[in-house]
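Undergrad: One structure coming up, written as structure tokens, with questions to follow.
Numbering (this note's numbering), first residue to last: 4 to 135.
The structure is reproduced here in structure tokens:
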């Protein structure tokens, strides 16, 4: 059980980091090919958007692949749904809970909660008779 959790966390975080790096490199290529620019803010805006959209994608797919390899079960769409819902809840609750007052807290939650949500979705996805 501990091995599966460690593999799931490692796969989720690695998948998220690889997705963000790939997305930022692809974004850099697109911005370099764009000759006409309206301002210098495109780099920042698109970079933040790429991180927010691609990190849960990489977390979901990386966690699904790692957990699928160790346990032989799991659904990719549940992993993606869990990662995106957790990030969406963090972003929606950032102002009411005061999470945006400290960027370290908000960034840490955005980094840690999607992998934990993928593990929770995996845990809730087990067959009915399995008492693991």
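From the three backbone atoms N, C-alpha and C, an ideal C-beta is built for every residue, glycine too.
If we ignore side chains and look at the alpha-carbon of each, how far apart do residue 105 and residue 84 end up?
TA: So the two alpha carbons sit approximately 27 Å from each other.
Undergrad: For residue 30 and residue 53, which I take to be in contact (beta-carbon distance under 8 Å), what is that distance rounded to the nearest angstrom?
TA: Yes, they are in contact, since the Cβ atoms of residue 30 and residue 53 sit about 5 Å apart, within 8 Å.
Undergrad: Using a Cβ-Cβ cutoff of less than 8 Å, which residues in the same chain neighbour residue 89 once the five nearest sequence positions on both sides are dropped?
TA: The residues are 59, 116, 117, 119 and 120.
Undergrad: CA-CA distance, residue 113 and residue 21?
TA: Going by the C-alpha atoms only, they are around 16 Å apart.
Undergrad: So, at 7 Å on beta carbons, what are the nonlocal neighbours of residue 1 in its own chain, with the 5 sequence-adjacent residues on each side left out?
TA: Outside the displayed span of the chain (4 to 135) sits residue 1, for which this structure offers no information.
Undergrad: Less than 8 Å between the beta carbons of residue 74 and residue 124, yes or no?
TA: No.
Undergrad: How many whole angstroms separate the CB atoms of residue 65 and residue 14, which I take to be in contact at a CB cut-off of 8 Å?
TA: The Cβ separation is near 4 Å, so the contact holds.
Undergrad: Tell me whether the beta-carbon of residue 27 lies closer than 8 Å to the beta-carbon of residue 61.
TA: Not a contact, by the Cβ cut-off of 8 Å.
Undergrad: Going by DSSP, what residue range makes up the alpha helix (DSSP H) through residue 104?
TA: Premise fails: residue 104 is in no alpha helix (DSSP H) and is neither H nor E.
Undergrad: Could you tell me if residue 43 is buried or exposed, where buried requires 16 or more neighbouring beta carbons within 10 angstroms of its beta carbon?
TA: It counts as exposed.
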